[in-house]
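**Q** Sending over a structure as structure tokens; questions will come in a sec.
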């Protein structure tokens with residue numbers, strides 16, 4: 798692993814990213830409270846810029862955990878701002894589950910970990926079922942059945958995978 802990117806040390810790039818993210822969080826949170834009178838947006842700006850900092854750390858040091866958590870924070874921040882600014886609070890939970898799903902897919906794409914591919918597929922199925930439940934298209938019992946089936950398939954997949962390795 799090289800310690801430099803474009804002649805700059807990786808830790809220096811990470812420090813610059815941290816201070817720029819901190820400045821962006823402070824400025825955007827202050828502006829949202831003072832100008833927009835939105836007292837909830839500070840949290841989503843914090844998630845947005847902290848997630849972008851973690852993604853930079855993931856790129857610099859090839860860390861899959863920073864990639865996953867960074868995408869979660871980035872997407873929660875972006876979806877939270879969209880939900881609050883557009884006033885669609887009824888579907889906020891659908892977007893937050895979608896953030897976890899997309900973060901799993903991105904981690905799979907960058908690090909080729911099959912666990913994250915399966916997690917993406919199950920979370921996407923649960924999210925679609927949750928959306929249908931929120932719009933009263935399916936009942937709670939059908940949603941719980943879909944959720945239970947997804948979790949059971951996920952557990953059985955890894956239970957048999959580890960059983961066959963022995």
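Numbering (my numbering), first residue to last: 798 to 963. Glycine residues also receive a C-beta, built at the ideal position from the N, C-alpha and C atoms.
Between the Cα of residue 903 and the Cα atoms of 831, 808, 820, 860, which residue gives the shortest distance?
**A** Counting from 1 along the chain shown, the entry for residue 903 is found at position 106. Nearest C-alpha to residue 903: 860.
**Q** Please confirm whether residue 844 and residue 867 have their CB atoms less than 8 Å apart.
**A** To locate residue 844, count along the chain shown from 1; it is residue 47. To locate residue 867, count along the chain shown from 1; it is residue 70. Not closer than 8 Å, so no.
**Q** Can you find at least 3 beta carbon pairs, one from the segment 884-892 and one from the segment 825-839, that sit closer than 8 Å?
**A** Verdict: no, contact absent.
**Q** What does the alpha-carbon distance come out to for the pair residue 921 and residue 894?
**A** Looking up residue 921 in the chain shown gives position 124. Looking up residue 894 in the chain shown gives position 97. Rounded to whole angstroms, residue 921 to residue 894 spans 8 Å at the Cα level.
**Q** Measure the alpha-carbon distance for residue 840 versus residue 923 and round it to whole angstroms.
**A** If you number the chain shown from 1, residue 840 lands on position 43. If you number the chain shown from 1, residue 923 lands on position 126. Taking the straight line from one Cα to the other gives about 26 Å.
**Q** Judging by CA-CA distance, which residue of 899, 812, 929 is the nearest neighbour of residue 913?
**A** Working through the chain shown from its first residue, we reach residue 913 at position 116. Considering only alpha carbons, the answer is 899.
**Q** Where do the N-terminal and C-terminal ends of the alpha helix (DSSP H) with residue 825 fall, by residue?
**A** For the purposes of this step, residue 825 is identified with residue 28 of the chain shown, where counting begins at 1. Run containing residue 825: 807-831, per the alpha helix (DSSP H) assignment.
**Q** For residue 801, which of helix, strand or coil comes out of DSSP?
**A** Numbered from its first residue, the chain shown carries residue 801 at position 4. If DSSP states are grouped into helix, strand and coil, residue 801 belongs with the strands.
**Q** In chain order, what residues of the same chain lie with their CB nearer than 7 Å to the CB of residue 897, ignoring the 5 residues before and after it?
**A** Taking the first residue of the chain shown as position 1, residue 897 is located at position 100. Here the set comprises 869, 920.
**Q** Applying the 10 Å Cβ sphere with the 16-neighbour rule, what's the burial state of residue 816?
**A** By one-based count along the chain shown, residue 816 stands at place 19. Residue 816 should be labelled exposed.
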